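What follows is a set of notes on a single structure, which appears directly below.
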Amino acid sequence: MRKYEVMFIVKPLDEEATNAVITKFENLINNNGGQVEKIDRWGKKRLAYVVKDFTEGFYCLTSFTAVPATILELDRIMKITEDILKFMIIKVDE
1 MRKYEVMFIV
11 KPLDEEATNA
21 VITKFENLIN
31 NNGGQVEKID
41 RWGKKRLAYV
51 VKDFTEGFYC
61 LTSFTAVPAT
71 ILELDRIMKI
81 TEDILKFMII
91 KVDE
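Each residue of the sequence shown is one higher than the one before, counting from 1 in my numbering.
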């Protein structure tokens, strides 16, 4: 298993809906052979430019270990989730 980080920006929703989106991806990682190590909630921040007609978003950084198949599934689901404005998955060098 390798170490990864995913940074994603959630649409500016109410707190309960934002937590539901973050929990959804935490469960997705855990259910597909990965293990979440840390979730950093940076909070609502102003975006540098308009993304999908939004000027603000809720930033979240998640550190986890996973197999490559988990990354493919995470990428696929994040692309089709409407509540995600932007995301980036990176492999952390050890």
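All residues carry an ideal CB built from backbone N, CA and C; glycine is no exception.
Since we're looking at a predicted model, the values are computed, not measured.
Cutting at 8 Å between CB atoms, please list the residues of its own chain near residue i, excluding the five before and the five after it.
| i | result |
| --- | --- |
| D75 | I89 |
| T18 | V10 and F58 |
| V51 | I9, G57, L85 and K86 |
| F25 | V6, F8, T62, L74, I77 and M78 |
| Q35 | M1, I29, F64, T65 and A66 |
| G43 | F58 and Y59 |
Please work out which residues of its chain come closer than 6 Å, Cβ to Cβ, to residue i, disregarding the five sequence neighbours upstream and downstream, and give them in chain order.
| i | result |
| --- | --- |
| L61 | M7 and D40 |
Considering only DSSP beta bridges, list what residue i is partnered with.
| i | result |
| --- | --- |
| F54 | V51 |
| R41 | C60 |
| M1 | Answer is none; M1 lacks a bridge partner. |
| A69 | Looking at the DSSP assignment, A69 forms no beta bridge with any residue, so it has no partner. |
Decide if residue i is buried, meaning its Cβ has at least 16 other Cβ atoms within 10 Å, or exposed.
| i | result |
| --- | --- |
| Y4 | buried |
| I29 | buried |
| T70 | buried |
| A20 | exposed |
Quick one: what's got a C-beta closer than 7 Å to residue i's C-beta in the same chain, skipping five residues either side?
| i | result |
| --- | --- |
| E15 | none |
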